[in-house]
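K.L.:
I have a structure here, written as structure tokens, and I will follow up with some questions on it.
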């Protein structure tokens, strides 16, 4: 009986265009497919609640796909390195193959696994496939990592194009050794008391098949007009591929080549496709930053922000989390997040700006809330984006750029369609007042059934005054 190769599934929960799996199959050794739920090694960055819901369904989909091909997915729970070493001994594996991850704790596991198994003569192979461009691949002319997005993305576009997406191997020989496969339901990844995931079930289809369908839907319904439409939260103009990408249910290079093909073959799609690929570039840039600055999720990239006078304001934070700030666009976004596990990208910037620049609540608080409530919670993207809004990150928005939720709402949701969907208390307000209900005459509020401070909160802060406080705080750290 041939010794098996363990294929360790991580954030690559797919068979299509999976370089590591393909390489393992090519060895001719039987494959033992494994997933390890590691809540120990990541520390505070183990999967949040919404991501755990997604993970359950993505693993269930992968289990079924493997079963349809005559295989099975072995489930283990515990510290990944220890569980894999134990499994190597249990099945007498001759190798462990896996896709690379970039989080600091994941890199440590990879290094430890390689050192331990290589010393025992067991093959350990790590493969790319999660990104278009590896973080070490790109440097400035001075030989340093990039800190600014635009030159970074230009450098990416000057690289050879990512290789073509590969099909699923026609035949996979699976390991037939008897061992416990584990039961997904025993992991309790789904919420039960209470079950708050109804909106997630209505909104998403996790798994590789769901990812492929999501890409097709975007091409047919969202690509044309994406460059403009992506800023309008009431329109279905964004791809909503982010959670599928995060869990590796679809590869970045499949999306890359699909969009490049659409740009050539579909009239009017070139500009929109290019703009979408640029947005994927921000994902690449975020991982570039995380790899070279592992403290990105916890410490300000611009260290002068260590001295920023952040505030501990639990009532303000709670109002923000519950979507009860009194600013309709912000409240709509936070309620969309709670219901669906996702939020429109422009609205993410607006709600983040209110928290860190008007409330002066530390960006780490917002980062933690998004980590727990987003189905696409991604350590690199989440950290880089929060630091961008806060002004403390690489290539960050100037600190004096403070998103005004009223003017942003008027510009990008002029008719209030997004607000009316997620803040039903305001559904009867005229368009003129739906962005700033406190400006409506009493008779208009009464006619619309709106009671400020009653069924809908009055604003929790004054935008003008808090903007000036933020600017003063920033001026203070600049002068030090």
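Residue numbers (full-length UniProt numbering): 1 to 480. Glycine included, each C-beta is placed from N, C-alpha and C at the ideal position.
When you compare the CB positions of residue 347 and residue 374, do they come within less than 8 Å of one another, or not?
P.N.:
Along the chain shown, one-based indexing puts residue 347 at 347. Along the chain shown, one-based indexing puts residue 374 at 374. Cβ distance not < 8 Å, so residue 347 and residue 374 don't count as in contact.
K.L.:
I'd like the list of long-range same chain contacts for residue 83, defined as Cβ closer than 8 Å, with 5 residues on each side in sequence excluded.
P.N.:
Locating residue 83 in the chain shown gives position 83, where the first residue counts as 1. Once the five neighbours on either side are set aside, the close Cβ partners of residue 83 are 36, 38, 76, 77.
K.L.:
Roughly how far, in whole angstroms, is the beta-carbon of residue 12 from the beta-carbon of residue 99, given that I think they are within contact range, below 8 Å?
P.N.:
Counting from 1 along the chain shown, the entry for residue 12 is found at position 12. Counting from 1 along the chain shown, the entry for residue 99 is found at position 99. 4 Å between Cβ atoms; contact.
K.L.:
Let me know the beta strand (DSSP E) ranges lying completely inside the UniProt domain "Photolyase/cryptochrome alpha/beta" (3-132), each 3 residues or longer, listed in chain order.
P.N.:
5-9, 31-37, 73-77, 95-99, 123-127
K.L.:
Does DSSP put residue 355 in a helix, in a strand, or in coil?
P.N.:
Within the chain shown, the letter at position 355 stands for residue 355. If DSSP states are grouped into helix, strand and coil, residue 355 belongs with the helices.
K.L.:
Any idea which residues DSSP pairs residue 174 with across the strands?
P.N.:
Locating residue 174 in the chain shown gives position 174, where the first residue counts as 1. Beta-bridge pairing links residue 174 to 31.
K.L.:
Do residue 29 and residue 190 have their C-beta atoms closer together than 8 Å?
P.N.:
Against the chain shown, residue 29 aligns to sequence position 29. Against the chain shown, residue 190 aligns to sequence position 190. Going by C-beta atoms, residue 29 is not nearer than 8 Å to residue 190.
K.L.:
Buried or exposed: which applies to residue 171, given that a residue is buried once 16 or more other Cβ atoms fall within 10 Å of its Cβ?
P.N.:
Within the chain shown, residue 171 is the residue found at index 171, counting from 1. So residue 171 ends up on the exposed side.
K.L.:
Using DSSP bridges, identify the partner residues of residue 456.
P.N.:
In the chain shown, counting from the first residue as 1, residue 456 sits at position 456. Looking at the DSSP assignment, residue 456 forms a beta bridge with 452.
K.L.:
Rounding to the nearest angstrom, what Cα-Cα distance links residue 69 and residue 393 in this structure?
P.N.:
Indexing the chain shown from 1 puts residue 69 at position 69. Indexing the chain shown from 1 puts residue 393 at position 393. C-alpha separation (whole angstroms): 46 Å.
K.L.:
Could you tell me whether the Cβ atoms of residue 48 and residue 372 are closer together than 8 Å?
P.N.:
Along the chain shown, read from residue 1 onward, the residue named residue 48 stands at position 48. Along the chain shown, read from residue 1 onward, the residue named residue 372 stands at position 372. Yes, the pair counts as a contact, with Cβ atoms nearer than the cut-off.
K.L.:
Classify residue 399 as helix, strand or coil using the three-state DSSP reduction.
P.N.:
To locate residue 399, count along the chain shown from 1; it is residue 399. Coil.
K.L.:
Would you identify the three-state DSSP class for residue 269, choosing helix, strand or coil?
P.N.:
Within the chain shown, residue 269 is the residue found at index 269, counting from 1. Looking at residue 269 - three-state DSSP - the assignment turns out to be coil, as it is neither helix nor strand.
K.L.:
Out of 324, 185, 433, 269, which has the shortest C-alpha to C-alpha gap to residue 407?
P.N.:
One-based indexing of the chain shown puts residue 407 at position 407. Minimum Cα distance to residue 407 is reached at 433.
K.L.:
Does the distance from the C-beta atom of residue 251 to that of residue 165 stay below 8 Å?
P.N.:
Numbered from its first residue, the chain shown carries residue 251 at position 251. Numbered from its first residue, the chain shown carries residue 165 at position 165. Yes, the pair counts as a contact, with Cβ atoms nearer than the cut-off.
K.L.:
What three-state label does DSSP hand residue 180 in the structure shown?
P.N.:
One-based indexing of the chain shown puts residue 180 at position 180. Residue state, collapsed to three classes: coil.
K.L.:
What's the C-alpha gap between residue 278 and residue 381?
P.N.:
Position 278 of the chain shown, counted from the first residue, corresponds to residue 278. Position 381 of the chain shown, counted from the first residue, corresponds to residue 381. Approximately 14 Å, taken between the alpha carbons.
K.L.:
Do you know how far the Cα of residue 73 is from the Cα of residue 101?
P.N.:
On the chain shown, residue 101 is found 101 positions in, with the first residue counted as 1. On the chain shown, residue 73 is found 73 positions in, with the first residue counted as 1. One C-alpha to the other measures close to 20 Å.
K.L.:
For residue 200, which residues from the same chain have a beta carbon less than 6 Å from its beta carbon, with the 5 sequence-adjacent residues on both sides left out?
P.N.:
One-based indexing of the chain shown puts residue 200 at position 200. Once the five neighbours on either side are set aside, the close Cβ partners of residue 200 are 53, 341.
K.L.:
Hey, residue 91 and residue 32: beta-carbon distance below 8 Å or not?
P.N.:
In the chain shown, counting from the first residue as 1, residue 91 sits at position 91. In the chain shown, counting from the first residue as 1, residue 32 sits at position 32. In contact: residue 91 and residue 32 (Cβ atoms closer than 8 Å).
K.L.:
Considering just the uninterrupted stretch of the alpha helix (DSSP H) at residue 370, what are its terminal residues?
P.N.:
For the purposes of this step, residue 370 is taken as residue 370 along the chain shown, with counting starting at 1. Where residue 370 is concerned, the enclosing alpha helix (DSSP H) stretches over 363-373.
K.L.:
Ends of the alpha helix (DSSP H) at residue 328?
P.N.:
Stepping through the chain shown from its first residue, residue 328 is reached at position 328. From DSSP, the alpha helix (DSSP H) with residue 328 extends over 328-340.
K.L.:
Among 50, 454, 118, which has the Cα closest to the Cα of residue 188?
P.N.:
Against the chain shown, residue 188 aligns to sequence position 188. Taking only the C-alpha atoms, the option nearest residue 188 is 50.
K.L.:
Taking the continuous alpha helix (DSSP H) assigned at residue 317, which residues delimit it?
P.N.:
Position 317 of the chain shown holds residue 317. Where residue 317 is concerned, the enclosing alpha helix (DSSP H) stretches over 314-322.
K.L.:
Tell me the rounded alpha-carbon separation between residue 401 and residue 93.
P.N.:
Locating residue 401 in the chain shown gives position 401, counting from the first residue. Locating residue 93 in the chain shown gives position 93, counting from the first residue. Computed Cα separation, rounded: 55 Å.
K.L.:
I'd like to know whether the C-beta atoms of residue 222 and residue 239 end up nearer to each other than 8 Å.
P.N.:
Residue 222 sits at position 222 when you count from the first residue of the chain shown. Residue 239 sits at position 239 when you count from the first residue of the chain shown. A contact, by the Cβ cut-off of 8 Å.
K.L.:
Are residue 379 and residue 8 close, meaning C-beta to C-beta below 8 Å?
P.N.:
Counting from one through the chain shown, the residue named residue 379 turns up at place 379. Counting from one through the chain shown, the residue named residue 8 turns up at place 8. For residue 379 and residue 8, no; Cβs fall outside 8 Å.
K.L.:
Can you find at least 3 beta carbon pairs, one from the region 422-430 and one from the region 345-360, that sit closer than 8 Å?
P.N.:
no
K.L.:
Taking C-alpha atoms, which residue in 320, 243, 415 lies nearest to residue 457?
P.N.:
Here residue 457 refers to the residue found at position 457 of the chain shown. For residue 457, the nearest C-alpha among the options comes from 320.
K.L.:
Could you check what DSSP says for residue 196 in three-state terms: helix, strand or coil?
P.N.:
As a position in the chain shown, residue 196 is number 196, starting the count at 1. Three-state DSSP puts residue 196 in coil, outside helix and strand.
K.L.:
Please state if the CB of residue 310 and the CB of residue 352 are separated by a distance shorter than 8 Å.
P.N.:
Locating residue 352 in the chain shown gives position 352, where the first residue counts as 1. Locating residue 310 in the chain shown gives position 310, where the first residue counts as 1. Result no, Cβ atoms of residue 352 and residue 310 do not sit closer than 8 Å.
K.L.:
Within this structure, are the beta carbons of residue 60 and residue 245 separated by less than 8 Å?
P.N.:
Locating residue 60 in the chain shown gives position 60, counting from the first residue. Locating residue 245 in the chain shown gives position 245, counting from the first residue. No, the pair does not count as a contact, with Cβ atoms beyond the cut-off.
K.L.:
May I ask which residues mark the beginning and end of the alpha helix (DSSP H) holding residue 213?
P.N.:
Translated into the one-based positions of the chain shown, residue 213 becomes position 213. Counting along the chain, the alpha helix (DSSP H) containing residue 213 begins and ends at 208-221.
K.L.:
Should the region 256-269 be regarded as contacting the region 299-310, the criterion being three or more beta carbon pairs within less than 8 Å?
P.N.:
no
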